[in-house]
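Trainee: Take a look at this one; I'll ask things after.
Numbering (this note's numbering), first residue to last: 518 to 711.
What follows is the structure, encoded as structure tokens:
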């Protein structure tokens with residue numbers, strides 16, 4: 518049962534870190550896009566890059582990379598945004614596979630505890646030479662408690678895992694939508710300045 522507890526502790530540590538990171542990575546993309554558009558109109562690309570530098574989160578980082586390549590043309594901006602978007606997505610998904618591992622591992626360890634508990638129960642029967650309920654009960658109780666604890670750990674971690682996946686999907690969707698808006702904004706700005 519101790520190993521299952523370790524799975525819970527490690528899983529929850531990763532969950533807490535991911536939730537904090539993902540909440541800090543959430544950006545108000547509409548506000549950021551409005552600020553960048555104002556900066557582009559008033560101070561050009563350098564002013565827009567400054568807005569991105571002062572804003573936290575993956576969307577602002579992706580925008581900065583795109584704006585940094587704006588002098589190379591819209592195609593390079595798009596390639597830069599796609600490439601750096603992949604990097605940011607990797608950072609958002611970091612550690613999630615460990616949570617998945619603990620979700621799978623906890624019930625297996627619980628079932629292993631069940632087998633060990635049943636072996637203990639049979640050893641107690643062999644030692645006592647009697648199959649009375651009092652002799653068997655302790656081993657069966659340990660077996661069932663270990664299984665239940667493994668399942669509880671998996672359920673708790675699965676709930677958090679689903680929340681984290683949904684949060685990552687939401688942030689990635691915002692990144693993609695905002696990136697399209699940024700490219701449209703840069704095309705409009707380029708056409709206006711010609």
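Where is the CB? At the ideal position from N, CA and C, for every residue including glycine.
1. Looking at residue 576 and residue 702, is the spacing between their C-beta atoms short of 8 Å?
2. Look at the alpha carbon of residue 629 and the alpha carbon of residue 642, and state the distance between them as a whole number of angstroms.
3. If you compare alpha carbons, which of 566, 706, 677 is closest to residue 619?
4. Please determine, among 546, 534, 533, 587, the residue with the shortest C-alpha to C-alpha distance to residue 706.
5. Give me the Cβ distance between residue 520 and residue 674, rounded to the nearest whole Å; I'm assuming they're in contact under 8 Å.
6. Pick from 524, 518, 532, 648: whose alpha carbon is nearest that of residue 679?
7. Would you decide whether residue 648 is buried or exposed? Buried here means 16 or more other CB atoms lie within 10 Å of its CB.
8. For residue 566, which three-state DSSP category applies?
Mentor: Judging by the given coordinates:
1. no
2. 20 Å
3. 677
4. 587
5. Going by Cβ atoms, the distance from residue 520 to residue 674 rounds to 15 Å, so no, they are not a contact pair.
6. 532
7. exposed
8. helix
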